[in-house]
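Everything in the sequence shown is counted per my numbering, starting at 531 for the first residue and increasing by one.
Glycine included, C-beta positions come from ideal geometry on N, C-alpha and C.
If you're wondering where the values come from, they're calculated on a predicted model, not measured in any experiment.
Have a look at the structure below before the remarks.
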Amino acid sequence: MATLTERQKEIYSFIVRQIHKSGIPPTVREIAGHFKVFPKAIQDHLAALEKKGVLRRAKDRARGLMVAARQSLENKVSLPILGRVPAGLPLEAISEVEDYLAVDEAMAKRANFVLRVKGDSMSPHILDGDMVLVQNTPVANNGDIVVATVDGDEATVKRLRHGGRETFLEPINPAYPILRGRIAVIGKVTSLIRTFF
C-alpha cells in the first residue's frame, strides 16, 4: 500500500472519527465543509484513498464510505501528479490532480507535487517523459531548475538565471531560445524520475 499524503491522512482520520461518533460516514459535502474546500477536491482525495486500499465507496449512496483495515505503510510518500510541462499547462490547471505517484520518502523530501515533462529543451539532463518532483515555492536561486510561467502564459521547466536586472529562463538544449519576459516561479525541481530510457 502506498503511503498517504498528510491531507489524505487527515481526511481518513476525519471519516473514522465521524463513523465512531455518529455511527454513519460523512457525506462528501460534509467532509468538504469540515476542510473548507470544494467537494471536487474531496472526491479526488477519496478516489486516491480508494485506490490505496484504505477506503471503499458505494457509488449509489451519499453515505457510502467504508473504511478498510489499515496496513503497515512502507517508507513511501504519495505525491500528486498535476500535469505536463511545458506543453500548455495553464496556471489555473496546476491544481488538477491526474494521479498519484508513490516515491521513496528520502526522494520526496521538500517536494509537494510531480509534473510530467514534455519536450527536449532540458535534454540531456531532463528528457521527454521524465517526471520531476517539485517544491511549491515562488522563490528560487540563480541556476535552480524551476517550473515557471512567462508573461502568465504557460508553465515550463527551465534553469532560472539572474543577469543584472534581468531574470530569464535558460534551456539546457542549445537548440532552444532563452525565454524572457515576466517570469513567475511556481516551484523548484528537487528530484527527477526517469520513465523512458
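Counting only the same chain and skipping the five closest in sequence on each side, list residues whose C-beta sits under 8 Å from that of residue i.
i: I572; result: I541, V558, I561, A562, F565
i: D658; result: V647, K648, G649, D650, F726
i: E580; result: R586, R587
i: F544; result: P556, I561, H564, F565
i: H692; result: N672
Thinking just about the alpha-carbon of each residue, which of the options is nearest to the one in residue i?
i: P701; options: R695, G694, L709; result: L709
i: L663; options: N703, R640, L657; result: R640
i: T679; options: L699, G693, G673; result: L699
i: D674; options: S543, K539, V687; result: V687
i: P707; options: I723, M652, K539; result: M652
i: H655; options: A638, N703, E628, G682; result: N703
i: R695; options: A705, G682, G711; result: G711
i: K539; options: L595, V584, P569; result: V584
i: V567; options: H692, A705, R537; result: R537
Residues bridged to residue i by DSSP?
i: V546; result: According to DSSP, V546 bridges with nothing at all.
i: K718; result: Q665, V676
i: G613; result: L645
i: L699; result: L690, L709
i: I723; result: M661
Residues in its own chain within less than 6 Å of residue i by CB, not counting five upstream and five downstream?
i: V644; result: L609, I611, L631, M661, L663
i: T535; result: S608
i: P668; result: V715
i: I723; result: M661
i: Q548; result: P556
Under the assumption that residue i contacts residue j (Cβ atoms under 8 Å), give the Cβ distance between them as a whole number of angstroms.
i: I716; j: T697; result: Contact flag wrong, Cβ pair sits at about 14 Å.
i: L690; j: V676; result: 5 Å
i: K718; j: A685; result: Between A685 and K718 the Cβ distance is about 13 Å, and since that is not below 8 Å, they are no contact.
i: R586; j: L576; result: Contact doesn't hold; Cβ gap of about 10 Å is too wide.
i: N666; j: N642; result: 4 Å
Can you find the residues in the same chain that come closer than 7 Å, C-beta to C-beta, to residue i, ignoring five residues on each side of it along the sequence?
i: L619; result: Because L619 carries a pLDDT of 39, less than 50, the predicted location of this residue cannot be relied on, and no value is offered for it.
i: R600; result: Confidence in R600 is poor, its pLDDT being 41 and thus under 50, which makes the residue's placement unreliable; the coordinate value appears in the next sentence. Result list for R600: V584, in chain order.
i: D629; result: I611
i: P569; result: V558, R559, A562
i: A623; result: Residue placement at A623 is poorly supported in this model, since its pLDDT is 40, which falls under 50; the coordinates still yield a value, given next. The residues are G613.
Practice item. Go through the region 632–695 residue by residue and report every complete run of the beta strand (DSSP E) that reaches 3 residues or more, in order. Key: 643–647, 661–666, 675–680, 685–693
Check your understanding: Unbroken beta strand (DSSP E) runs of length 3 or more, entirely within the region 553–595: which are they?
Key -> 585–587
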